[in-house]
Amino acid sequence: MTSSKSFSCRSCLLSVFAPLLAFLFIYGCASGVTVRPVPPTDRHPTIAVLPVQNLSSSDAPLRQIRRLMTAALRQRGFHVLPYATLYKFMARHRMRYTGGISARRSAAIKKETGAGAVLITSLETYSKGYTPDIALFSRLVKVGTRRPELLWMDSAGMSGEDSPGLLGLGLVHDPMVLMGKAVKKLSASLCNALEGKKTWEPDVTMAGRFKPENPFKSPLLNPKRKYKVLVVPFYNISGRNNAGQIMQLQFMQQMMRYPSHFQVIDPGLIRHEFLNIRIIQWDGISLFNVKQLFTLLDADLLVSGRIIRYGDNSNSPLVLMDAIAIERKSRQVVWSSTSYASGSDGVFFFDRGKIYTAHSIAAEMARWDAKGMAGH
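In structure tokens:
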């Protein structure tokens, strides 16, 4: 009799909690994105690790971060170009900008050093508070060809409060400990990509809270076609330095997850043309400049937008932005969206699901936009 009662109680509990468990599984674990593998012909390059580009607007140990990245790559068996050789090349060519590489320097670095690819790392966030925050972008660019080609891109955003655990024992107070975790994640992702494996990343729980409001998609945006895409720096009115370049990197990364739909052009080429034709975004990018960029870079789709708010304080991170995509042939806007979210959205109990970095919020927003443009 007792066993039958306990069985009925268990059945009752299962019937109550089963829908909740299914909801958490579908929205928290089942969905995800992948970082695409690198083509077989590009899997064993000598890698030149460029000095870290600082987009964080704060003092950061850039040399130490580069050394961490170099050590992680060598530990995984990659051949890294000696820094002395890279430094001499950069001095000879007066190369100060390390957030990308132009076509001319791409050919030169291959010819003069033998490097087959450059690793470009951009530091988005580096804060040293009681619980620090860090965020990094990294991408591998093939050099030596007529036009540098993006092979791989990934990012890592972390906070010391991500996994506080019982009594706060899981809090991290040293930013370089977080940096080590971020570098380990990125080097593992690159290793998988070069070995032909996909890197699977689960979505943030209840990622639907970052879905854009009333997105517009034109029938001219063909889901069966592959577009050459240039993502320009977003027009930044947020007050956060470099937020426009940060969102440019976010959209590039998310659009690269759909290789059958988008071929993303490296920002080094875009910056070179911006300087060549003297583009200054007084209030966004003009249609005249859009037409020039389409011609110079042979692109089919241009993605731009505005950053209105970009608060990367871990206590209350929030992002507010608009995004648009313009198609070359019609010169019409084929995608537009507005997104707003804070790290506390959808959080009700014990900070469960709270996000502590603006990087993670922006990544989810860009992911929704990329998914919508790809027709998924």
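Residue numbers (the working numbering): 213 to 588. Glycine residues also receive a C-beta, built at the ideal position from the N, C-alpha and C atoms.
From the listed residues Glu-324, Tyr-447, Ala-327 and Thr-310, the smallest Cα separation to Ile-520 is found for Tyr-447. Secondary structure note for Met-577: its alpha helix (DSSP H) is the uninterrupted segment 570-586.
The Cβ atoms of Ala-405 and Trp-364 lie closer than 8 angstroms to each other. With contacts defined as CB atoms closer than 8 angstroms, Ala-347 and Thr-550 fail to qualify as a contacting pair. For Thr-297, the enclosing alpha helix (DSSP H) starts and ends at 295-304. Nearest Cα to Lys-503 within the set Lys-440, Val-247, Asp-495 and Leu-514: Leu-514.
Here Met-585 is near Ala-537, since their CB atoms are less than 8 angstroms apart. In its chain, beyond the 5 residues on either side, Thr-343, Asp-345, Ser-526, Tyr-568 and Thr-569 have a beta carbon closer than 7 angstroms to the beta carbon of Ser-371. When Lys-340, Ile-491 and Pro-249 are compared, the shortest CA-CA separation from Glu-373 is found for Lys-340. The three-state secondary structure of Met-307, taken from DSSP, is coil. Annotation: Ala-535 is outside any alpha helix (DSSP H); the continuous beta strand (DSSP E) that includes it extends over 530-539. Annotation: the region 456-515 contains the following complete segments of the alpha helix (DSSP H) (minimum length 4 residues), in chain order: 479-488 and 499-509. Taking 8 angstroms as the cut-off, the Cβ atoms of Val-531 and Ala-582 do not count as close.
By the neighbour-count definition (other C-beta atoms within 10 Å, threshold 16), Asn-454 is a buried residue. Here Tyr-439 is buried. Its C-beta has 16 or more other C-beta atoms within 10 Å.
For Val-559, there is no enclosing alpha helix (DSSP H), as DSSP marks it with neither H nor E. Look at Gln-276 here: in three-state DSSP terms it is helix. Annotation for Leu-362: the continuous beta strand (DSSP E) segment containing it runs 361-371.
Among the bridge pairs identified by DSSP, Ser-549 is matched with Ala-535.
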